[in-house]
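Undergrad: Residue numbers (my numbering): -12 to 602. For each residue, glycine too, the CB sits at the ideal point set by N, CA and C. I am attaching a structure below and will ask some questions about it afterwards.
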Amino acid sequence: MNFILLVKYVPDVSRITDSSFDSETGNLKRASLPGITNPEDISAISLAKKIADTKADETDKFIALTMGPAPASNALYDALSLAADEAFHLQDSRFAGADTWATAEILTKAIKKIAREKFGDEPYAVAGGMQSCDGDTAQVLPQTAAALEMPIISYAFDGGFKDGRFHFSCIKEGGDVFLSTGEKSFVLTAAAFEFPLYPSFSRSRWARAQNHRKLTAEMIGLEGSGMSNSLTRVVKIFRPEENQRKQKHITCLKEFTELIVESCRKSRRRKTEGSFIKYPPSSSREVWVVSEPSEQLEDCTAELLAEARKLASEIGGVCCLAAYDSPDENFLQKAARAGADKIYRLPNCRLTENPEKQGRMLGELVNSKKPKIVLFSATLFGRVAAPICAYITGSGLTADCTGLHLEKKSGGDYELIQTRPALGGNIMAQIKTINSPISMATVRPGRFTAAFSSEKRECEVVDFPAKLVKDRDIKVERESESKVNDFNCDVIISAGRGIGSKENFEESVVPLKKVIELSCSCSAAAGASRAAVEHGLADRQLQIGQTGKTVSPSLYISAGISGAVQHIVGIEKSSVIMSINSDPGCPIFAQSDYYFVGDAVQSLDKIRGFLESKL
């Protein structure tokens, strides 16, 4: 199997400090930071090598491709030392300033050139990490797949070849899904791979001796530049607000337990009943929300409908929902009560388990109706379907937004300003769409509050007769027997790798959840970090964070979780955060209101004992 391996050289965001920024402009001084090869890309190389080894073709070729200034060649050295046979470097000042859409265009032209030259008519796959640690958009690979008109396998953490088909284990909402495909060419995005490759000394020496072929804009046939071809532009960069957490070190577990009880007593779930403001809608200005492919209206979709309705009211437009398959009357009425004035129904799509097909079908609808704004939830589904839809409609797309607002332009029209974190949350960027009449955004779940009308509302339902989108030979072989955990509760107790074992999780975390429910008269749930899930300590449906669920309980208790950025973004809307970890320097303490330094299992068991004594 031939592979083109996409690798990116990125700043090491874990080493960013205040001195890494220009005090006047707020810009990152990249030269002051060491660079690393994006860790997710290393996982992709390891996974691609395993897949190729199981297929055992003697003519396999591995070609590494990177884009960026001269230091980006370090990523090529890493790729060569692990698996790549040759390396290509996209290096040209005309590539500078490219957003994800323009980057996908550049990569696609380079990939096609390399494939023609190195593979001829042979099939090949393109592999890369599901996202990079500096941008965290997860948009480039899906947009590249759309440009190449290839199927995409997303969030794979294992794979191989058997009985004439490629097999993949992938992350999905609430669990894992096991896919197989007979497609000969595809794009693969990798999550963390459990068995990473390590270079040998001799291979590393060989890699350092290899030359990298430079590719310029002229050589790949690029018209314009990365900047001029972009559909989004950063208009402002600023530092995030100062952390408002108390960061109080509690040295006594009994006091820590009393703070848990106090926080539980204060817990109140947000009320979402009310009445909507009437406004005169204009059918020419539609603000869309794209539903999750589910039989029920998900919380994240309801949250976006509330925000979409606010935006629509400002521009005198209509709040619309694009829903997959054929939602029933309960779904339609709940969507109407959540703010939808119109619902577009896309046929026979939900059950395909194929975000690529869903993105393409939605793209047809967008091209037909020309909405002003389209919003997706930044879920595993949204982070694949949105980039594909944006690419084929030529729309600007901003990922992982935490804020949206409208600014009036000189001609009386409005433009959407989207705020998102970058560089591991160390900076905030405000972005707007350019060179496109449609603004698209994926929004982190939990950023807005759903608002359901207390009265029954009517909404227009439009069935969209989408053209047949090409079916891919991708089959769901099986899914993990799990359902999405209900995190819409007062308290969440979540464990990381520090919990030690699945037995400890079942005997310490789960019992504490039950005791908190009894002793504090509140609802509670158990959760887990990505690291805990990937090491088999907890089930996938319990995962919280960027690739799991975003939560906003009144009280979030973490035990044995170090506090990776991807986990913090999933819990930051919690009213109170309390943490336990044996490492006094772990990052999550800086994001906590109260923290205790100690063994996770022993601490949870003692807390449970204190609470049981009060029953």
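(1) Residue 535 by DSSP, collapsed to three states: which one?
(2) What residue does the alpha helix (DSSP H) around residue 282 start on, and which one ends it?
(3) Taking the continuous beta strand (DSSP E) assigned at residue 51, which residues delimit it?
(4) Quick one: residues in its chain with C-beta nearer than 6 Å to the C-beta of residue 293, no 5 flanking neighbours on either side, listed in chain order?
(5) Give me, in chain order, the residues of the same chain whose beta-carbon lies closer than 8 Å to that of residue 221; leave out the 5 immediate sequence neighbours on both sides.
(6) According to the neighbour-count rule (16 or more other Cβ atoms, all chains shown, within 10 Å of its Cβ), is residue 338 buried or exposed?
(7) How many Å lie between residue 201 and residue -8 at the Cα?
(8) With contact counted as at least three CB pairs below 8 Å, one residue from each stretch, are the region 228 to 237 and the region 301 to 318 in contact?
(9) Quick check on this structure: which residue in 545, 421, 460 has the alpha carbon closest to the alpha carbon of residue 168?
(10) Output the distance between the C-alpha atoms of residue 401 and residue 247, rounded to the nearest integer angstrom.
(11) Could you have a look at residue 387 and say whether DSSP puts it in helix, strand or coil?
(12) Just to confirm, are residue 552 and residue 495 a CB contact at a threshold of 8 Å?
(13) How big is the Cα-Cα spacing for residue 393 and residue 299?
(14) Specify the secondary structure class of residue 339 as computed by DSSP and reduced to three states.
(15) From what residue to what residue does the beta strand (DSSP E) around residue 332 run?
(16) How is the alpha helix (DSSP H) around residue 378 delimited, first residue to last?
(17) Please tell me whether residue 174 and residue 128 are closer than 8 Å, where the distance is taken between their beta carbons.
(18) Is the beta carbon of residue 575 closer than 8 Å to that of residue 566?
(19) Whose CA, out of 368, 510, 348, lies closest to the CA of residue 536?
(20) In the DSSP assignment, the beta strand (DSSP E) including residue 415 goes from what residue to what residue?
(21) Closest by CA to residue 42, which one among 171, 424, 105, 133?
(22) Quick one: grab the DSSP three-state call for residue -10.
(23) Which same chain residues end up closer than 6 Å to residue 408 when comparing Cβ atoms and leaving out the 5 residues on each side of it in sequence?
(24) Residue 445 by DSSP, collapsed to three states: which one?
(25) Is residue 550 helix, strand or coil by DSSP?
(26) Expressed to the nearest angstrom, what Euclidean distance is found between the alpha-carbon atoms of residue 20 and residue 360?
TA: Answer, in terms of the structure:
(1) Here residue 535 corresponds to residue number 548 of the sequence shown, with the count starting at 1. The answer is coil: DSSP assigns residue 535 none of H, G, I, E or B.
(2) In the sequence shown, the residue the question calls residue 282 occupies position 295. Residue 282 -> no alpha helix (DSSP H), and no H or E assigned at all.
(3) Counting from 1 along the sequence shown, the entry for residue 51 is found at position 64. Segment 49 to 54, the beta strand (DSSP E) holding residue 51.
(4) For the purposes of this step, residue 293 is taken as residue 306 along the sequence shown, with counting starting at 1. Contacts found: 326, 435, 437, 438.
(5) Taking the first residue of the sequence shown as position 1, residue 221 is located at position 234. Once the five neighbours on either side are set aside, the close Cβ partners of residue 221 are 416, 417, 418.
(6) Within the sequence shown, the letter at position 351 stands for residue 338. A caution first: residue 338 carries a pLDDT of 47, below 50, which makes its placement in the model too unreliable to give a value.
(7) Residue 201 sits at position 214 when you count from the first residue of the sequence shown. Residue -8 sits at position 5 when you count from the first residue of the sequence shown. Near 16 Å, if we compare the C-alpha coordinates of residue -8 and residue 201.
(8) no
(9) In the sequence shown, residue 168 corresponds to position 181, counting from 1. Cα-wise, what sits closest to residue 168 is 460.
(10) Locating residue 401 in the sequence shown gives position 414, counting from the first residue. Locating residue 247 in the sequence shown gives position 260, counting from the first residue. About 46 Å.
(11) The sequence position of residue 387 within the sequence shown is 400, counting from 1. DSSP places residue 387 in strand when its eight states are reduced to three.
(12) If you number the sequence shown from 1, residue 552 lands on position 565. If you number the sequence shown from 1, residue 495 lands on position 508. Contact: no.
(13) What you label residue 393 is simply residue 406 of the sequence shown in a count that begins at 1. What you label residue 299 is simply residue 312 of the sequence shown in a count that begins at 1. Whole-angstrom Cα-Cα distance: 10 Å.
(14) Here residue 339 corresponds to residue number 352 of the sequence shown, with the count starting at 1. At residue 339 the pLDDT is 49, less than 50, meaning the model places this residue with poor confidence and gives no usable figure here.
(15) One-based indexing of the sequence shown puts residue 332 at position 345. 329 to 333 is the extent of the beta strand (DSSP E) around residue 332.
(16) One-based indexing of the sequence shown puts residue 378 at position 391. Looking at the DSSP string, the run of the alpha helix (DSSP H) that includes residue 378 is 369 to 380.
(17) Along the sequence shown, read from residue 1 onward, the residue named residue 174 stands at position 187. Along the sequence shown, read from residue 1 onward, the residue named residue 128 stands at position 141. Yes, the Cβ-Cβ distance between residue 174 and residue 128 is below 8 Å.
(18) On the sequence shown, residue 566 is found 579 positions in, with the first residue counted as 1. On the sequence shown, residue 575 is found 588 positions in, with the first residue counted as 1. For residue 566 and residue 575, yes; Cβs fall inside 8 Å.
(19) Along the sequence shown, one-based indexing puts residue 536 at 549. Nearest option by C-alpha distance: 368.
(20) By one-based count along the sequence shown, residue 415 stands at place 428. Residues 414 to 420.
(21) Reading the sequence shown from its first residue, position 55 is the one you call residue 42. Of the candidates 171, 424, 105, 133, the one whose C-alpha sits nearest the C-alpha of residue 42 is 171.
(22) Within the sequence shown, the letter at position 3 stands for residue -10. Correct three-state label for residue -10: strand.
(23) Here the question's residue 408 lines up with position 421 in the sequence shown. If we look at residue 408 and ignore the five residues flanking it on each side, its Cβ neighbours are 415.
(24) Working through the sequence shown from its first residue, we reach residue 445 at position 458. In the structure shown, residue 445 sits in coil (DSSP, three-state: anything other than H, G, I, E or B).
(25) On the sequence shown, position 563 is the one that residue 550 refers to. Three-state DSSP puts residue 550 in coil, outside helix and strand.
(26) Counted from its first residue, the sequence shown places residue 20 at position 33. Counted from its first residue, the sequence shown places residue 360 at position 373. Going by the C-alpha atoms only, they are around 37 Å apart.
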